[in-house]
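Participant: Have a look at this one.
Numbering (the working numbering), first residue to last: 203 to 268.
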């Protein structure tokens, strides 16, 4: 199951990398995710460790798509 999910995520990411307009929207979405996660941590809606994980994953994806 884990391998199927990994493959799905990888091929979806590769598909986005091939389309410039999709890369642009994905970068905007990831930037918004990082910002919203920061505010949610700041105001105490989510625990710090969950926010750090979300932001770390979004940053890695942002580097891939940018």
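In this text, a Cβ means the ideal position worked out from N, Cα and C, and glycines have one as well.
Looking at the secondary structure, which residues open and close the alpha helix (DSSP H) in which residue 257 lies?
Facilitator: By 1-based counting over the chain shown, the position of residue 257 is 55. Taken as a continuous stretch (DSSP letters only), the alpha helix (DSSP H) holding residue 257 covers 250–267.
Participant: Would you tell me roughly how many angstroms separate the C-alpha atoms of residue 230 and residue 267, rounded to the nearest one?
Facilitator: In the chain shown, the residue the question calls residue 230 occupies position 28. In the chain shown, the residue the question calls residue 267 occupies position 65. When rounded, the distance between both Cα atoms is 10 angstroms.
Participant: Under a three-way DSSP split, which group does residue 246 fall into?
Facilitator: Numbered from its first residue, the chain shown carries residue 246 at position 44. The answer is coil: DSSP assigns residue 246 none of H, G, I, E or B.
Participant: Going by alpha carbons, who is nearest to residue 258 out of 223, 211, 232?
Facilitator: Residue numbering aside, residue 258 sits at position 56 when the chain shown is read from its first letter. That would be 232, whose Cα lies nearest to the Cα of residue 258.
Participant: Given a cut-off of 8 angstroms, decide if residue 236 and residue 260 are closer than it, judged by their beta-carbon atoms.
Facilitator: Position 58 of the chain shown holds residue 260. Position 34 of the chain shown holds residue 236. Against a cut-off of 8 angstroms, the Cβ pair of residue 236 and residue 260 comes out as a contact.
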